[in-house]
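Residue numbers (the numbering used here): -19 to 128.
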């Protein structure tokens, strides 16, 4: 066997290596990039969804009732949502000041993509209670914007 002669199988081997090596290099580079990339876990409710930007709920579509009893601020209300498939998430925060500032944060989540849903305006209720002083002020934020 002479190693300095060009034969048909040496040409075939060169062609296969010419195609395969860049492909293998690309795949290994992708695996390496995935291995060194730092992934951050972000709570799902803090990621703005593209579907949520189209949801417009006005102040007249939201009702809120608050009462103060025995050191607790109790609140309840309802929001008009575009469909029964939309979800309402509520969260209450107390800012450490005097008087306390209570923020009730409401987030409307769009239905999952591909879900067939009837477009009927639906009232969704929310409620909760927080231990605060009787001088606490309350503000409501809907989808990140303060409701007046």
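Cβ coordinates follow ideal geometry from the N, Cα and C atoms, glycine included.
The beta carbons of residue 68 and residue 59 sit about 6 Å from each other, so the pair counts as a contact at 8 Å. The three-state secondary structure of residue 16, taken from DSSP, is helix. Counting along the chain, the unbroken beta strand (DSSP E) around residue 56 starts and ends at 52 to 61. Distance from residue 112 to residue 121 at the Cβ level is roughly 17 Å; contact not present, criterion being Cβ atoms closer than 8 Å. The C-beta of residue -4 has fewer than 16 other C-beta atoms within 10 Å across all chains shown, which makes the residue exposed. Less than 8 Å divides the Cβ of residue 74 from the Cβ of residue 110.
In this structure, residue 84 keeps its C-beta atom at 8 Å or more from the C-beta atom of residue 103. Only residues of its own chain outside the window of five on either side were considered, and among them 46, 47, 48, 107, 108, 109 have a CB closer than 8 Å to the CB of residue 54, listed in chain order. Assignment of residue -17 by DSSP, reduced to helix, strand and coil, places it in the coil class.
The Cβ atoms of residue 93 and residue 65 do not sit closer than 8 Å to each other. Taken in chain order, the unbroken stretches of beta strand (DSSP E) that lie wholly in the stretch 82 to 123 and span 3 residues or more are 102 to 111, 117 to 122. For residue 72, the uninterrupted beta strand (DSSP E) run begins and ends at 67 to 75, by DSSP. Contact check for residue 117 and residue 79: beta-carbon distance about 6 Å, within the 8 Å limit, so the pair qualifies.
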